[in-house]
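Working notes, beginning with the structure itself.
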Amino acid sequence: MTIARLAGLDLVAVAVAYLVAVAFRVGGRVEIAEPEQAVALAALAAAVQVGGNAALGVYRKSWYLSRSRDLVDLGAPALAAALVVAALNVSTGLHGVPFAALPVAAVLAFALLVARRLRRRWRTIIRAILGQREVPLSPFVPLGAAPDPARAIIPSTASIRAAMEAIDRDVSRIALLVGAGGELVGTVTDGDARRAILAGTSLDSPASSIMKAQPVVAERDMTDDEIVALMLTRSVRQVPVVDESGRVLDIKLLDRMTRTAEEPVPVLIMAGGLGRRLGDITRYIPKPLVEVAGRPILATLIQDLAAQGFRRVILAVGHKAELIERYFGDGRRFGVTISYVRDARPLGTAGAIAAALPQLEREFIVTNADLLTRVNFDELVAFHRAERDDLTIGIIESTY
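Okay, here's the thing in structure tokens:
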């Protein structure tokens, strides 16, 4: 929006506020309100208020309503405009805008300008205020639930949105596209869906446009060892088991087939950052609650940890910690136990780990709350133990 248009709309908003205040004061009896004077004074008040806003830099492209000081930039000119009208009432004896209407007019004019600058953020603000009651959470598959092909299967004509719903329904985290005869024609993982969203693809587009048309599959007479070797060789976490006609019989998961009997280690998640690099997106909600593919980033990570069998999660929180705590609570609805470590001031990764030590064990995993890649944490722990290292760092090869 251009500066001239923004200022012009503010002029109209302020003038309307004054006229509404006058109408309210006279009980709707416009004939006794000296309408010509009221319109003239409303226009003058609008000019004074918008001129004051301009002098304070409100119309600069870099100005943004995010701090209490910014409210002063909008509020001081509103007060000044009301005082100018009051002074004219005293000096001229005219009362187009009665004294009693001035407080209402000033407050309404201020409120309208604030609301105009927040209009694109109401949905985000409301979600942040209401917390978990309004932020959508995908269905949680309980720990220990076996993969169920019936939950993952969708028609080959289904949309990407339907594929994402199927991915959320089953612990396998995969959508299986089948043809009219029930034969498997392709698969879609949440990674495929995320890449499509980032590329600007509509969720109503056919899932077949992003599916793997020649997916890795296991034949039903293969042994578990052969299936594990297949998944390791092809670098996949899940494979559908098919019969001779290509119909899906089962879904095998690598982490389920290779999981040890040891209790999973606790996971410390860094969720206290300010998220400044996201600019406007994190003005009112912390970065971990920013939604990607319809749900908060941190919710996706915690659900992934739960699906892999990790039960203890510690969140190191700081910036807007109360919103994160309200959304995730004790973790029960995610199938995990969540506790919190609060940073009264930014401590950095090492500081947060030190603060969380009383809740940690000899081995633990540390990860960031904005992680949107699929990590097999079971394999990471197994590798760490096999190498007998003091520290293991997981990295990915950049795809761009």
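In the working numbering, the protein residues as written are -9 to 390.
Even for Gly, the Cβ is constructed at its ideal location relative to N, Cα and C.
In the DSSP assignment, P25 falls within the unbroken alpha helix (DSSP H) covering 25 to 45. Of all alpha-carbon atoms in A37, V175, I275, L193, the one lying nearest the alpha-carbon of M201 is that of V175. Within the segment 191 to 275, the complete beta strand (DSSP E) segments at least 3 residues long are 228 to 232, 238 to 243, 257 to 261, listed from N- to C-terminus.
G83 and L31 do not touch by the CB rule: their CB atoms are close to 13 Å apart, not below 8 Å. With a contact defined as Cβ atoms closer than 8 Å, A165 and V178 qualify at about 4 Å.
As the crow flies, the alpha-carbon of G263 is around 42 Å from that of A72. Per the Cβ contact rule, the segment 135 to 146 is not in contact with the segment 212 to 223 (fewer than 3 Cβ pairs under 8 Å). The continuous beta strand (DSSP E) containing T177 extends over residues 174 to 179. Ranked by how close their Cα comes to the Cα of V74, the residues A35, I(-7), L337, A344 have A35 in first place. Following the DSSP letters along the chain, one finds P93 inside the alpha helix (DSSP H) bounded by residues 92 to 108. In this model, A28 and A101 are separated by some 20 Å (Cα to Cα). When DSSP states are grouped into helix, strand and coil, R151 belongs to the helix group.
If you draw a straight line from the Cα of R375 to the Cα of R224, it is about 24 Å long. In this structure, the beta-carbon distance from Q349 to S329 falls below 8 Å. According to DSSP, I328 shares a beta bridge with V303. The Cβ atoms of A306 and A340 do not sit closer than 8 Å to each other.
In the three-state reduction of the DSSP assignment, L291 falls in the helix class, which pools H, G and I. T290 places its beta carbon less than 8 Å from that of L362. Contact annotation, P276 with L239: C-beta distance approximately 44 Å; criterion of less than 8 Å not satisfied. Ranking F89, L78, A37, V104 by CA distance to the CA of G65 puts V104 first. Relative to the Cα of P205, the nearest Cα in the group A90, V231, D320, T327 belongs to V231. Within the model, the alpha-carbon separation for N366 versus S235 is close to 31 Å. Membership of L167 in the beta strand (DSSP E) is indicated by the continuous run 164 to 168. Between L258 and I355, the C-beta gap is smaller than 8 Å, which places the two residues in contact. When DSSP states are grouped into helix, strand and coil, N358 belongs to the strand group. Between D180 and R159, the CB-CB gap reaches or exceeds 8 Å. The residue among I157, A37, V255, V168 with its C-alpha nearest the C-alpha of Q228 is I157. Excluding its 5 nearest sequence neighbours in each direction, V48 has C-beta neighbours in its own chain below 6 Å: D63, listed in chain order. Taking 8 Å as the upper bound for CB-CB distance, L69 and A96 are in contact here, some 6 Å apart.
Just so you know, the alpha carbons of A33 and P93 end up roughly 17 Å apart. A buried status is given to G325, since no fewer than 16 other beta-carbon atoms sit within 10 Å of its beta-carbon. In this chain, the beta strand (DSSP E) harbouring P145 covers 143 to 145. The alpha-carbon separation between A372 and Q293 amounts to approximately 21 Å. Counting other Cβ atoms within 10 Å of its Cβ, V303 reaches 16 or more and is therefore classed as buried. When C-alpha distances from D379 are compared across N358, D360, R352, the shortest belongs to R352. If you look at G341, you'll find it in the alpha helix (DSSP H) that goes 338 to 346.
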